[in-house]
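> Numbering (UniProt numbering), first residue to last: 1 to 657.
Glycine included, C-beta positions come from ideal geometry on N, C-alpha and C.
These numbers were taken from a predicted model, which means no experiment stands behind them.
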Amino acid sequence: MNCSVHCRCIDSTIESIMKQYYFKHLSIMGAAYRPDLQDFDMKSEYKSFLGVFAKIFNNIMLVLCELLDGRVHTITSLLNGVDHGMYTALDVKCIKKETIIWDIPSWHTSFNIFVSDSCKVSTYKDSLIVVPINMWIMDIEAGGEHVMKSIDMTYSHNTLSLALAGSRSKFIPQKWSNAYMCSVTLLSFKDNWLEDFNCIITLTKRLDTLDLEGNVMTRFPKCLLDSKYRSLSYLSLAYNQIDDISPMYDLPENTGVPDINIINLSYNDISEVHTLRDMGRLKILDLSYNKIQEISANVFVNLKYLNTLLLGNNRLFKLDLQMLLPSSNLETLDVSHNYILSVNEANVVNINKTILELDLQYNRLSYPPLKDCTKMLPTNNNLKILSAYNPYLCDCSFIVFEACINRLEKQNRSSVKHVFQDLNQMKCYFPPTNKGLAIRDLNFHRYCVVLEDCPPSCTCYLHERNTLRVNCSSRRLLEMPVIIPKLTNVYTVLYLDHNPLGYLGYHSYLSRLSEIYIDNCLLTTVMPSAIAALKNIRVMTLHDNLLQKLPTSTRNITLEKATNITLHNNRWACSCESLWLPRWISKHSAIIWKPENISCDYLQIAMRDVSKSNCDEKRHLNHDYLAVFLIACAFLAMTHVYFLYRQDVPILMESKT
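1. Grouping DSSP H, G and I as helix and E and B as strand, with all else coil, what is D91?
2. For a quick check, are the C-beta atoms of C182 and H157 less than 7 Å apart?
3. Just to confirm before moving on: does the CB-CB distance between I17 and A89 stay below 7 Å?
4. So what's I295 in DSSP terms, helix, strand or just coil?
5. Let me check understanding here. Comparing Cα to Cα, which of L636, I516, I585, Y267 lies closest to L494?
6. When DSSP labels each residue in this structure, what does residue 660 get in the three-state scheme?
7. Can you tell me where the beta strand (DSSP E) holding V63 begins and where it ends?
8. Between the Cα of I95 and the Cα atoms of M86, N80, S116, which residue gives the shortest distance?
9. Do the segment 413–431 and the segment 465–474 meet, that is, are 3 or more Cβ pairs less than 8 Å apart?
10. Look at the alpha carbon of E294 and the alpha carbon of L321, and state the distance between them as a whole number of angstroms.
11. Whose C-alpha, out of R555, M153, N215, is nearest the C-alpha of S586?
12. Please classify S177: does DSSP put it in a helix, a strand, or coil?
13. For V449, which of helix, strand or coil comes out of DSSP?
14. Identify every run of the beta strand (DSSP E) within the segment 223–298, keeping only runs that are complete inside it and at least 3 residues long; order them along the chain.
15. On a CA-only basis, which of K318, E357, P221 is nearest V343? Give me that one, please.
16. Please confirm if N268 has its CB atom under 7 Å from at least one CB of chain D.
17. So what does DSSP say about C7, is it helix, strand or coil?
18. Only counting the same chain, and skipping five residues up and downstream in sequence, which positions put a Cβ closer than 6 Å to that of E66?
19. Using alpha carbons as the reference points, say which of L160, V130, L383 lies closest to K149.
20. If you compare alpha carbons, which of M86, V526, I14, K24 is closest to L547?
21. Can you check which of these residues, K283, M29, Q425, is closest to residue 698 by C-alpha distance?
22. Roughly how many angstroms separate the alpha carbons of Y389 and S188, rounded to a whole number?
23. Please report the straight-line C-alpha distance between D39 and S167, rounded to a whole angstrom.
24. Can you tell which of S599, N614, S613 has the C-alpha that lies nearest to the C-alpha of M607?
25. Would you list, in sequence order, the uninterrupted beta strand (DSSP E) runs of no fewer than 3 residues that lie entirely inside the segment 539–613?
26. Is the segment 392–404 in contact with the segment 332–340, if contact means three or more CB pairs nearer than 8 Å?
27. Quick check for students: name the residue ranges of the beta strand (DSSP E) that lie wholly in the segment 376–437, counting only runs of 3 or more.
28. Just mark residue 660 as buried or exposed, buried being the case when its beta carbon has 16 or more other beta carbons within 10 Å.
29. From the DSSP output, in three-state form, read off I439 for me.
30. Are the beta-carbon atoms of I292 and N314 separated by less than 7 Å?
31. Rounded to the nearest angstrom, what separates F114 and D259 at their Cα positions?
32. D286 and L310: beta carbons closer than 7 Å?
33. Whole angstroms are fine: how far does the CA of S118 sit from the CA of C7?
34. Helix, strand or coil for D32 per DSSP?
35. I'd like to know if the segment 498–508 and the segment 473–490 are in contact, where contact means that at least 3 CB-CB pairs between them fall below 8 Å.
36. Return the Cβ separation of S4 and S77 in integer angstroms, given the expectation that the two are a contact with Cβ distance under 8 Å.
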C-alpha cells in the first residue's frame with residue numbers, strides 16, 4: 001500500500017477502532033458521573049450501532065497523519081493509496097495549523113471517520129463541507145471560526161458522533177434544521193462562542209450526550225427541557241456564564257416533564273436556586289463551582305429520583321439537611337469547599353436512609369457533624385461522612401465526639417472509619433496549643449481546653465473531666481478576671497500568682513473556687529466580700545504580698561474545707577486592733593503553712609506571740625504614725641534653717657550669678 005508520506009496506514013478491525021474513539025469521547029460523555037461507561041462491550045452505542053457491519057466488513061484502514069510543514073493538504077492526498085472501497089478512518093494532527101481542503105464527495109460511502117486536531121478545515125471556492133452519507137464519526141478540534149457554518153448535515157443519517165470544538169461559532173447554522181440525525185448518540189459543541197442553543201437540529205431518542213460546555217450562554221436553554229429528548233443521558237452546560245436557570249423552575253409556564261439523567265451546570269454564575277420542576281428521571285445534578293449562597297426550602301422536593309447532588313465550591317454558609325434531602329433516593333451530597341459553619345445535627349439524625357455519603361471537607365466547621373452519634377446509630381448505620389480540612393476548635397466540646405468514636409470502636413473497629421471515613425485527616429486548628437494535631441491522637445477525656453468564658457491572656461483546661469484549671473499566672477494582670485468558665489460538678493482552680501494585682505475583690509466565681517493561688521503579687525487589700533465568698537476554699541495562697549491586715553469579718557469565718565492557707569512574707573501591722581488575727585491563725589494552725597513564719601513587719605516578732613502587752617500603741621508606734629512623725633520633724637527642721645538664713649540667701653544667689 002502506497003500510504004501518503006505524511007501518514008501511517010494501519011489495517012485494523014472496526015471494533016478496535018470504534019473502541020479507541022469511544023474511550024477518547026468518554027470525558028465528553030460524562031464518564032466522571034457514569035462509571036459504567038468503562039464497559040465498552042456492554043454500554044457502547046458505538047458498538048451496537050455497527051454490530052451488523054462489524055460482522056460483514058470486519059476491517060478498516062486507519063490513516064494517522066501528523067502535518068508540520070505549514071502547507072495546504074487535501075483529504076484525497078492524505079488518503080492516497082488507500083483502497084476507495086475499504087472502510088477508512090482519517091486522523092490528522094496539525095502542528096503548525098495547516099489547512100485541510102475537504103474534497104470528498106457526499107456519496108463516498110467508505111470514508112467513515114474523520115478526526116482533526118488544530119487543523120483549519122476548508123473547501124474550494126467557498127463550497128460546503130458535505131458530510132458523507134456513511135460518516136460515522138466526525139470530530140473537528142479547532143477547525144476554524146467558519147467551519148461550523150460550512151458543514152452541510154443533509155446526509156448525516158448514519159452519523160453516530162459529531163464533535164465540533166473550538167471553532168468560535170456563535171450559533172448553530174439555521175440550515176441544519178433540515179438535517180435528520182436519526183443515528184446520532186453524541187453531539188459536542190464544546191469551547192465555542194455559542195450564546196444560545198435553540199434546538200434547531202432534529203434529534204431522536206438515540207441521543208445520549210449533548211455537550212455544550214465552554215461557551216458563553218447566560219441562560220439555561222429552555223428547549224432542552226422539552227420532553228421529546230427522551231434518551232438524553234448526559235447534558236453538560238459547564239464552563240458557561242449561566243446565571244438564569246428559570247426554565248428549570250417549578251413555574252406555570254414550564255410544562256412537560258424532561259427526561260434527562262445527568263445535568264452538569266458546574267463552573268457557571270448561578271447565585272440562587274429556587275424550587276425545581278419535575279425533572280423526570282434526573283439522577284445527578286452538578287451545581288458545583290457556582291456562586292450559590294443559600295438553598296431555599298423545598299428546592300429539590302420534585303426531584304424524586306435524584307441520587308447525587310453536587311454543591312461543592314459555592315458560597316454556602318449553612319446547611320439544613322432536612323431541607324436538602326426530600327428524596328429517599330439521594331445517596332451522595334457534596335458540599336465541600338464552602339463556608340458552612342455548622343450542620344443541623346438533628347436533621348442528620350432524622351434522615352432514615354440505607355446509604356448517604358456526605359462530603360463536608362474544606363468548610364468552616366468548628367466541630368464535626370454528628371458529634372453525638374448515639375442519637376444516630378440506632379436508625380442509620382450507613383451514614384458516611386467526609387469532614388477533614390476544617391478549622392476545628394478542639395476544646396472540651398470534643399468530649400462528646402470522642403465518646404462517639406469510642407462507642408463505635410466498641411461495636412466494631414471498622415465502624416469508625418465506615419462513618420467518619422477521613423478521621424485520620426481531621427486535625428485541630430484552634431487553640432494554638434493544639435493546632436495541627438490529629439483529633440484522633442488527643443485524649444479529650446483526660447485533658448481538654450475550655451475556651452468559653454476563659455479570660456483573655458489566660459488558659460483554661462479541664463483535667464480528667466472533673467478539674468477545671470484557670471491559669472492566669474504571670475500575665476501582668478492589674479485586675480482580677482471579670483469572668484471564668486462555669487462548669488457544673490467540677491473542682492475549680494484559679495491561678496493568679498505573679499501578677500501586679502493590688503487587691504483581692506469580690507467576683508461571683510469566687511464561691512465556685514476550690515483553690516486560688518494569688519501569691520507573689522502586690523496585694524495590699526482583701527475585700528470583706530471576697531473573703532466571705534471564699535468560705536468554701538480548700539487551698540489559698542496569699543504569701544509574698546504587701547498585706548498589712550485582713551478584713552475584721554474574717555475572724556467570724558471558719559474555713560472548714562481548707563487544707564492549705566499561706567500568709568507568710570507580708571507586712572502584717574500587728575496592731576492592737578487586729579489581736580483577733582493571731583487567735584484566728586492559732587485556730588487554723590493545722591491548715592496554715594508554717595504559722596511560725598508569719599511575723600509582724602514593725603515589731604519583728606512572730607504574729608502568734610503578739611498580745612496586749614506588746615501591742616501597746618504608746619510603747620510601739622504604728623509604723624504609719626512613725627512615718628508621719630518623721631516627715632513632720634524634717635519639715636520643721638527645714639523651716640527653722642530657712643528663717644535663720646533667709647537674709648543670706650539673696651546674697652548667695654547674686655554671688656553665683
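Reading off the structure:
1. Here D91 carries a strand assignment [DSSP, helix/strand/coil].
2. It is a contact, given that the beta carbons lie within the stated cut-off.
3. yes
4. strand
5. Relative to the Cα of L494, the nearest Cα in the group L636, I516, I585, Y267 belongs to I516.
6. The structure shown does not extend to residue 660, since the chain is modelled only from 1 through 657, so no value can be given for it.
7. V63 -> beta strand (DSSP E) spans 59–67.
8. Residue S116 holds the alpha-carbon nearest to the alpha-carbon of I95 among M86, N80, S116.
9. Flag = no, the segment 413–431 and the segment 465–474 do not touch.
10. Rounded to the nearest whole angstrom, the CA to CA distance from E294 to L321 is 13 Å.
11. The alpha carbon of S586 has as its nearest neighbour, out of R555, M153, N215, the alpha carbon of R555.
12. helix
13. strand
14. 232–236, 260–264, 284–286
15. K318
16. No chain D appears in this structure, which consists of one protein chain only.
17. strand
18. K93
19. V130
20. It is V526 whose Cα lies nearest to the Cα of L547.
21. Lying outside 1 to 657, the shown extent of the chain, residue 698 is not represented and no answer is given.
22. 37 Å
23. 31 Å
24. S599
25. Whole beta strand (DSSP E) segments, 3+ residues: 539–541, 564–566.
26. The segment 392–404 is not in contact with the segment 332–340.
27. 383–386, 428–430
28. The chain is shown only over 1 to 657; residue 660 falls outside these bounds and no answer can be derived.
29. helix
30. Yes.
31. Rounded to the nearest angstrom, the two C-alpha atoms are 31 Å apart.
32. yes
33. So the alpha carbons of these two residues sit roughly 16 Å apart.
34. Note on identity: in this sequence residue 32 is Ala, with Asp being the wrong assignment. Looking at A32 - three-state DSSP - the assignment turns out to be coil, as it is neither helix nor strand.
35. yes
36. 6 Å
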